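In this note's numbering, the protein residues as written are 2 to 229.
To start, the structure under review is shown below, and the notes come after it.
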Amino acid sequence: LIWDNLHANDYDGRRFFFFSYSGRPPELRSEVSGLLINPNTEFSLNFVAVHTLAAFVRCSGTWDARQAYLTAMSEWLPQFATSGRPLALADLILLGDCYYLPHEDGAEAKVLFERARDLLARNPTTWGDEAATFRQQIGRLREFCFRLTELRQRPLFYALNRRVWELREELDLLDRYVAFKSAPGNQDAAYHPDSHLPGTYRGGMVARLQRLLVPQADGTIAPAPAGE
């Protein structure tokens with residue numbers, strides 16, 4: 002009997018995991034007496050985890066985890082009814098890709114991150130129209146995060162709110178930075194945000210402790226370089 006912790010998030014209060022049951026071959030089912038899932042701590046965030054585990058147990062042939070995820074997200078969408086205009090499935094999937102698995106981001110989140118990293122690694126004078134396109138892309142996700150405040154199912158909103166608001170804050174900072182650096186005459190200027198204050202934004206004891214020991218590319222942990 003396997004107790005599977007794939008979706009467990011009790012060790013990291015800043016994340017939850019939306020992707021489908023995955024990483025286990027269907028042949029496993031005939032070798033064990035059963036599969037148990039230890040899901041996200043928040044009950045209302047486990048729709049995809051529970052539904053896709055059930056689908057995995059019942060499926061015949063190969064298991065397409067991404068398709069199972071997309072199907073489950075489509076079935077979950079009605080629970081995201083709001084007091085305003087309907088939320089789009091494509092935006093829910095984008096959010097889900099940002100909260101995918103403990104060790105992996107979804108495809109759309111990977112693309113978004115790589116575009117941000119590429120843009121910030123270059124001189125703003127080379128950005129051109131890419132900056133405006135990038136701001137439109139993150140603006141879509143920022144707006145979706147904000148519109149979750151309109152959810153009619155308040156338990157779902159409360160389960161999402163603090164983590165998703167953190168994502169929105171990071172997107173907001175990226176947007177403001179790119180907008181500032183894109184403005185004429187600002188390419189070489191220092192950016193001083195007025196809404197992300199030192200000592201408060203990314204502050205607190207936990208954040209300071211996290212900066213002491215830094216994960217390395219080889220999987221080891223080492224002290225941060227002096228002065229960082």
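Idealized CB from N, CA, C, for every residue including glycine.
Just so you know, these numbers come straight off a predicted model, no measurement behind them.
Is it a yes or a no for the segment 13-27 touching the segment 168-183, going by three-plus beta-carbon pairs under 8 Å?
no
In whole angstroms, what is the alpha-carbon distance linking residue 17 and residue 11?
Numbered from its first residue, the sequence shown carries residue 17 at position 16. Numbered from its first residue, the sequence shown carries residue 11 at position 10. Looking at the two C-alpha atoms, the distance is approximately 9 Å.
Continuous alpha helix (DSSP H) assignments of at least 4 residues falling wholly in the segment 113-163:
130-148
What are the boundary residues of the beta strand (DSSP E) that includes residue 5?
Position 4 of the sequence shown, counted from the start, is the residue given in the question as residue 5. 3-5 is the span of the beta strand (DSSP E), which, as asked, contains residue 5.
Could you check if residue 130 is buried or exposed, using at least 16 other CB atoms within 10 Å of its CB as the buried criterion?
Counting from one through the sequence shown, the residue named residue 130 turns up at place 129. Exposed, since its Cβ has fewer than 16 Cβ neighbours within 10 Å.
Just how far apart, CA to CA, sit residue 136 and residue 171?
Walking along the sequence shown from the start, residue 136 turns up at place 135. Walking along the sequence shown from the start, residue 171 turns up at place 170. About 13 Å.
For residue 160, does the count of other Cβ atoms within 10 angstroms reach 16, so buried, or fall short, so exposed?
Counting from one through the sequence shown, the residue named residue 160 turns up at place 159. Flag for residue 160 reads buried.
Does DSSP classify residue 79 as helix, strand or coil?
Position 78 of the sequence shown, counted from the start, is the residue given in the question as residue 79. Helix at residue 79.
Identify the residues that DSSP records as bridge partners of residue 215: which are they?
Numbered from its first residue, the sequence shown carries residue 215 at position 214. Paired residues: 223.
Touching by the beta-carbon criterion (3+ pairs, under 8 Å), the segment 138-154 and the segment 81-90:
yes
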